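*Asks:* Heads up: the sequence lines are chains U and F, in that order.
Counting along the first sequence from 1, when you hit position 41 you're at 94 in my numbering, and nothing is skipped either side.
Counting along the second sequence from 1, when you hit position 21 you're at 33 in my numbering, and nothing is skipped either side.
For glycine and all other residues, C-beta sits at the position ideal for the given N, C-alpha and C.
Quick caveat, the model's predicted, so the values are computed rather than measured.
First the structure, then my questions, so here it is.
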Amino acid sequence: MSAALESILEQHPVWRGGAVACAAPAVPSGFASLDRELPGGGWPAGALTEILGERAGIGELQLLLPGLAALSWAGKRIVWLAPPHLPYAPALAAAGVDLAHVAVVRAPGRRDALWAAEQVLRAASCHALLAWFPSARYEELRRLAVAAEAGRAWVALFRPLQAAQESSPAALRIALEPDGDALCLRILKRRGAPAAAPLHLPVKRPVHALGRNSFPAPAAGHARDDRRLGVPVHA
Amino acid sequence: MQGSLRYFGGREAFFARLAHGLSGLGFEVKTASAATPRAALWLARGEKKILEEVPLQAVCGGEPLALLESLGMKDFGDLMRLPREGLARRCGRRLLDDLDRALGAAPEPRAYFSPPPSFAARLELPAAVAHAEALLFAARRLLAQLEGLLAARQAGVRCFTLTLIHEDEESKIEVGLASAARHAERLARLLQEKLSALQLRRPVEAIRLEARDFAPLAERSAGMFGDAGAEAEDWARLVERLRARLGHEAVSGLATHPDHRPEHAWRRVEPGEWDPREFRQPGPRPLWLLEPRPVPENSFRLLAGPERIESGWWDGDEASRDYFVARLAGDSLAWIYRESGEWFLHGLFA
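This is how it looks when you write it as structure tokens:
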């Protein structure tokens, strides 16, 4: 490459197809191999992230927990909107989440849930929103995307795998599949060049290092001491 | 008043602010200023600029007025030209005292207004309203009055009640706030959420707004280096907005609770109420807790366990269970337990 071309590329913000897009504000996911694939080096803030999964219990929350734990201990508030089941406080605390910064909002109807999501996104005091929308239309998601852009929150929308067929205004779309004890991520859409190969992430599973026989004894002492080191604790 | 004019940006600005506030409460405003309160009152009543031109109707009434009018008097100027002794004899001492007070020759001590400790105001609607959201317009007027009272008492409210008065019955709307507030706009927004969910079965003739139990509320000064309190305030408003529409129970925080039984080891609390020092690391716990439901024995494969939990014999909700981690069809990891020979699904390791 000639020196002139080199200097132009250095000086001007020329977007190059091969790159993973510009540096946008992001929340580190806690998985180095995933952060490398995400523009900005983490979950995008101020944009929608869609997590598409067929069923619950494959590690879909473990994927988000390192990011959530770091946010919560930094004093940032996290809202769980319309979760399909009860988020279990002891498991969240054990995973290193500061429950004092977690709020659960129950919204029975789809319209109420969308309204609540928009309220949360328009408020400056919430830094992460996890929301479950079994069915949502493109226009409704578009409205949420606009609200998200106005703020700086990380927004994770959980939707069924079939939604991958529909188009979506989300900046990041990830399809999840179980892969033994790991979790297989297919990045369907991201800002910048499309991702090539699926990722296999070693999310925390309760069977790691466990035999058929018995559980290990509960960790002694205060869980919080371990958390100060920035290490999410999991039995 | 002279001493405060600079703060309010001058006489005109002060009067404009006064007129705006009062007309918001539904009053017709006339303003005047003079050296004494009584003279100002008469000027305003008579709508004149000079005291001498104020008509007699603004100064006195009843018998003295009838007498003075029969003498051909028209305004305050005429009155001043009469001899004092004669005036006192014919119209009584009171009129003369009033004149002295207006001219500043006699003192007129005035009691300071002390605002009441609760608020109740009623507004008759000009026409019966059948549409709930139209009530908001009328309610705003009462909320502005409430704001004025709260500002005078340097207080805020944590709840207020709007009563809808129908022809022969009443219905109440209670609005609760996450933190004490005063601004009419904020109160109106919460009321709007309540009203939008309301179906009126019969037209409303009048409304009444009531509030008591004022909480002290200091005005916050704007911070010099960003405002740490602003985010907490914004959060409190978000919570109360969500609760106004979805119900109080819809927004909650989570906390751990020292109990071995999984379904008792957590609590729904107010958001933000959790003390991490009380938490002890348990064994593997699922992120989703489900209502226990029976599962057939051949539908899963055990991966780890058992963890025995035996507790609760003292409060009638006794548990004696063996918990396992199991893989369900479709690769979900589940938390299941066996109790008296039956298998139950209790959680998912999400």
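1. Of all the CB atoms in chain U, is at least one closer than 8 Å to the CB of F/LEU203?
2. Going by other Cβ atoms of all chains shown within 10 Å of its Cβ, with 16 needed for buried, is F/LEU345 buried or exposed?
3. In or out: F/PHE125 buried (at least 16 other Cβ within 10 Å) or exposed?
4. So that I know if they touch, is there some Cβ in chain U lying closer than 8 Å to that of F/GLY116?
5. In the DSSP assignment, the beta strand (DSSP E) including U/ASP232 goes from what residue to what residue?
6. Among residues of its own chain, excluding the 5 on either side of F/VAL66, which ones have a beta-carbon nearer than 8 Å to its beta-carbon?
7. The segment 125-144 of chain U: which residues have C-beta closer than 7 Å to a C-beta of chain F, in chain order?
8. Tell me the DSSP bridge mates of F/PHE131?
9. Just to check my reading of the structure: F/PRO215 and F/ALA164 have Cβ atoms closer than 8 Å, yes? What is that Cβ distance to the nearest angstrom?
10. Output, in chain order, the set of chain C residues within a Cβ distance shorter than 9 Å of U/VAL173.
11. Closest to U/ALA135 by CA distance: which of U/LEU210, U/ASP88, U/LEU197 is it?
12. For chain F, find out if any of its Cβ atoms is closer than 8 Å to the Cβ of U/GLU201; answer yes or no.
13. Quick one: is F/CYS103 buried, meaning 16 or more other Cβ sit within 10 Å of its Cβ, or exposed?
14. Specify, as a first and last residue, the run of the beta strand (DSSP E) that F/TRP355 falls within.
15. Quick check on U/ARG239: does DSSP put it in helix, strand or coil?
16. Given 7 Å as the limit, tell me if F/ALA190 has its C-beta closer than that to any heavy atom belonging to the ligand ZN.
17. Cutting at 8 Å between CB atoms, please list the residues of its own chain near F/TRP278, excluding the five before and the five after it.
18. Would you say U/ARG265 reaches chain F, if we count a Cβ-Cβ gap shorter than 8 Å as a contact?
19. Strictly below 9 Å CB to CB, what residues from chain F border U/CYS237?
20. Is F/TRP325 buried or exposed, if buried means 16 or more other CB atoms sit within 10 Å of its CB?
21. How close, in whole Å, do the beta carbons of F/PRO298 and F/PHE361 come, if the pair is a contact with beta carbons under 8 Å?
22. If the cut-off is 8 Å on Cβ atoms, which residues from the segment 93-115 of chain U count as contacting chain F, listed in chain order?
23. Please report the Cβ distance between U/LEU91 and U/LEU182, rounded to the nearest whole angstrom; I am assuming they are in contact, meaning their Cβ atoms lie under 8 Å.
24. Would you say U/ALA189 lies against chain F (beta-carbon separation less than 8 Å)?
25. Could you give the uninterrupted runs of the beta strand (DSSP E) lying entirely in the segment 85-164 of chain U, keeping only those of 3 residues or more?
26. Would the segment 131-151 of chain U count as touching the segment 239-251 of chain U if we require 3 or more Cβ pairs under 8 Å?
*Replies:* The structure says:
1. Here residue 203 of chain F refers to the residue found at position 191 of the second sequence. Not closer than 8 Å to any Cβ of chain U, the Cβ of F/LEU203 fails to qualify, so no.
2. In the second sequence, residue 345 of chain F corresponds to position 333, counting from 1. Buried is the call here.
3. Locating residue 125 of chain F in the second sequence gives position 113, where the first residue counts as 1. Exposed is the call here.
4. Locating residue 116 of chain F in the second sequence gives position 104, where the first residue counts as 1. Not closer than 8 Å to any Cβ of chain U, the Cβ of F/GLY116 fails to qualify, so no.
5. The sequence position of residue 232 of chain U within the first sequence is 179, counting from 1. U/ASP232 -> beta strand (DSSP E) spans 225-232.
6. Position 54 of the second sequence, counted from the start, is the residue given in the question as residue 66 of chain F. If we look at F/VAL66 and ignore the five residues flanking it on each side, its Cβ neighbours are TRP54, LEU55, ARG57, GLY58, LYS60, ASP87, PHE88.
7. ARG130, HIS138, LEU139, PRO140, TYR141, ALA142, PRO143, ALA144
8. In the second sequence, counting from the first residue as 1, residue 131 of chain F sits at position 119. Answer is F/ALA223, bridged to F/PHE131.
9. For the purposes of this step, residue 215 of chain F is identified with residue 203 of the second sequence, where counting begins at 1. For the purposes of this step, residue 164 of chain F is identified with residue 152 of the second sequence, where counting begins at 1. Not really, about 34 Å apart at Cβ, beyond 8 Å.
10. Protein chains U and F are contained in the structure displayed, whereas chain C is not.
11. Against the first sequence, residue 135 of chain U aligns to sequence position 82. If we check each option's Cα against that of U/ALA135, U/LEU210 comes out closest.
12. In the first sequence, counting from the first residue as 1, residue 201 of chain U sits at position 148. One detail in the question is off: residue 201 of chain U reads as Ala in this sequence, not Glu. Interface residue (Cβ-Cβ distance to chain F less than 8 Å): U/ALA201 is not classified as such.
13. For the purposes of this step, residue 103 of chain F is identified with residue 91 of the second sequence, where counting begins at 1. Around the C-beta of F/CYS103, 16 or more other C-beta atoms lie within 10 Å, and the residue is accordingly described as buried.
14. Residue mapping note: residue 355 of chain F aligns to position 343 of the second sequence, counting from 1. Segment 354-360, the beta strand (DSSP E) holding F/TRP355.
15. Against the first sequence, residue 239 of chain U aligns to sequence position 186. Residue state, collapsed to three classes: strand.
16. The ligand ZN is absent from the structure shown, which contains no ligand whatsoever.
17. The residue you call residue 278 of chain F lines up with position 266 of the second sequence. Result list for F/TRP278: LEU266, ALA267, THR268, HIS269, LEU301, in chain order.
18. As a working note, residue 265 of chain U is residue 212 in the first sequence. Note that U/ARG265 scores 43 on pLDDT, short of 50, meaning its location in the model is unreliable and no value can be drawn from it.
19. Within the first sequence, numbered from 1, the residue matching residue 237 of chain U stands at position 184. Near U/CYS237 there are no residues of chain F at all, since even the closest Cβ is about 10 Å away, more than 9 Å.
20. Residue 325 of chain F sits at position 313 when you count from the first residue of the second sequence. Exposed, since its Cβ has fewer than 16 Cβ neighbours within 10 Å.
21. Here the question's residue 298 of chain F lines up with position 286 in the second sequence. Here the question's residue 361 of chain F lines up with position 349 in the second sequence. Sure, about 5 Å apart at Cβ, within 8 Å.
22. GLU107, ARG108, ALA109, GLY110, ILE111, GLY112, GLU113, LEU114, GLN115
23. For the purposes of this step, residue 91 of chain U is taken as the residue at position 38 of the first sequence. For the purposes of this step, residue 182 of chain U is taken as the residue at position 129 of the first sequence. Incorrect: roughly 18 Å between the Cβ atoms, too far for contact.
24. Residue numbering aside, residue 189 of chain U sits at position 136 when the first sequence is read from its first letter. Contact of U/ALA189 with chain F is not assigned, every C-beta pair being separated by 8 Å or more.
25. 100-106, 130-134, 155-158
26. no
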